[in-house]
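Residue numbers (the UniProt record's numbering): 1 to 372.
Don't be surprised by glycine CBs; every beta carbon is placed ideally from N, CA and C.
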Amino acid sequence: MKIALIHMRHANSGGTERFLNALSRYLAERGEDVTIICRSHVAPSHPAIGFVRLRPFSVGKAHRIWRFAQAVERHVNAADYDLVYALGKTWTHDMLRIGGGTTHHHLASMPRRRLRFKDKVAMRIEARAMAPGAYYHVVSNSWQSDSEIAEAYRVPAARRSVIHNFVDTRRFDRQRLGNEVAALGQQLGLDGNTPVLLFLGTGYRRKGLEPTLEAFARLDVEATLLVVGRDSQQAEYEAHAQRLGIADKCRFLGEQASPERYFALADCYVLPARYEPFGFTVLEALACGTPVITTQSCGAKEVVTPEVATVIDAADNVAALAQAMAHWVGQKDAAALGMRCRELALTLDVEEIMAQNYRRILAVHQQKQAAR
1 MKIALIHMRH ANSGGTERFL NALSRYLAER GEDVTIICRS HVAPSHPAIG FVRLRPFSVG
61 KAHRIWRFAQ AVERHVNAAD YDLVYALGKT WTHDMLRIGG GTTHHHLASM PRRRLRFKDK
121 VAMRIEARAM APGAYYHVVS NSWQSDSEIA EAYRVPAARR SVIHNFVDTR RFDRQRLGNE
181 VAALGQQLGL DGNTPVLLFL GTGYRRKGLE PTLEAFARLD VEATLLVVGR DSQQAEYEAH
241 AQRLGIADKC RFLGEQASPE RYFALADCYV LPARYEPFGF TVLEALACGT PVITTQSCGA
301 KEVVTPEVAT VIDAADNVAA LAQAMAHWVG QKDAAALGMR CRELALTLDV EEIMAQNYRR
361 ILAVHQQKQA AR
């Protein structure tokens with residue numbers, strides 16, 4: 001089968017990009033003829049994968065998104081793909097995967113933000129992508145996103161399905177990372193006895209760094225908070241940590257190339273997200289044997305259990321967040337806890353989740369053939 005996968009950016013980092021790499025590799029290993037339609041790309045995850053690079057003239061981000069979607073439409077209509085699977089921000093496809101929630105709900109989660117022209121363009125593309133007749137099937141990575149799609153675009157239940165995110169349990173494995181983690185702890189000056197809490201992500205406000213700092217300031221036990229990731233307002237958060245009196249216990253480390261080392265180093269991963277359609281990082285932490293704190297606004301709540309995670313009602317419930325931190329800090333070095341975390345992650349290993357996606361692709365292809 002000749003399959004086209006579409007995403008503007010093919011790269012080695014980013015949630016959608018990780019999905020694109022994993023799915024394209026899985027399909028190619030099964031002998032499918034895989035082409036990635038993109039604007040830019042790095043080396044493929046399998047040597048048999050081909051690329052179609054579309055770079056129409058554009059001025060500014062909003063125009064770039066729109067012009068790429070137009071170019072995809074022209075290319076796909078002129079090509080002979082058996083199935084076209086898009087990953088967002090285009091409108092020409094047989095299947096569409098919504099990995100970051102709907103643009104409509106994402107923007108609604110930021111009520112103080114004014115709509116930019118780029119946002120308006122993204123909403124227009126999304127509405128066109130999910131208009132009746134534009135697709136055979138829409139896949140979401142959480143029931144949370146699935147309900148958003150039904151609410152915003154009235155996609156029929158028979159044309160929707162949920163396939164949760166995955167984790168590479170070989171890469172995210174505390175046992176395999178033992179020596180690297182020990183070296184990282186020494187590099188950071190950690191004594192190995194003081195509990196370590198980890199906040200990791202890009203976009204500090206949406207992922208809840210402010211309440212994380214405020215809850216951490218309430219802890220009555222010695223602990224260290226590591227903040228990994230980037231944000232243009234990082235200096236403001238560092239100043240807030242200073243005001244809270246925790247600057248000496250809170251380390252801002254910026255973006256790091258090997259997040260698995262930090263998940264394996266931590267005793268608890270903290271993601272009190274205001275809006276997170278799923279959250280790859282929740283599974284990555286669990287695969288490393290690290291329990292998680294998150295919120296009802298994070299789609300990963302659907303796959304965790306109370307034995308390995310605390311799900312609080314809202315990011316701004318600082319008291320509940322502090323209580324959860326204290327609970328998991330008290331579980332430091334509990335071997336059984338690490339095993340339970342990893343066992344859950346193994347049920348969402350990349351190979352199993354890619355197999356589910358492949359079965360859905362085959363079913364949609366049959367549906368498309370029957371409709372002709």
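query                                                                                                                                                     : result
Backbone secondary structure at C288 - three-state DSSP                                                                                                   : coil
Exposure of K2, with buried meaning 16 or more beta-carbon neighbours within 10 Å                                                                         : exposed
Inter-residue Cα distance where the pair is I6 and Y85                                                                                                    : 6 Å
Nearest-angstrom Cα separation, counted from P156 out to H164                                                                                             : 19 Å
In chain order, each beta strand (DSSP E) run of at least 3 residues that lies wholly inside the UniProt domain "Glycosyl transferase family 1" (186–331) : 196–200, 224–228, 250–254, 268–270, 292–295, 309–312
C-beta atoms of V139 and I98 nearer than 9 Å                                                                                                              : yes
Distance, L226 Cα to A235 Cα                                                                                                                              : 15 Å
C-alpha gap between L219 and Q366, whole angstroms                                                                                                        : 56 Å
Bridge-paired residues (DSSP) for F51                                                                                                                     : I36
Opposing strand residues paired with I98 [DSSP bridges]                                                                                                   : S140
Start-end ranges of the alpha helix (DSSP H) lying completely within the segment 346–372, minimum 4 residues                                              : 350–371
Expected contact under 8 Å - CB spacing of R67 and R53 to nearest Å                                                                                       : No, R67 and R53 are not in contact; Cβ-Cβ is about 14 Å, not under 8 Å.
Per-residue burial, V121 [other beta carbons within 10 Å of its own, 16 or more giving buried]                                                            : buried
Beta-bridge pairing of S161 - partner residues as DSSP gives them                                                                                         : V139
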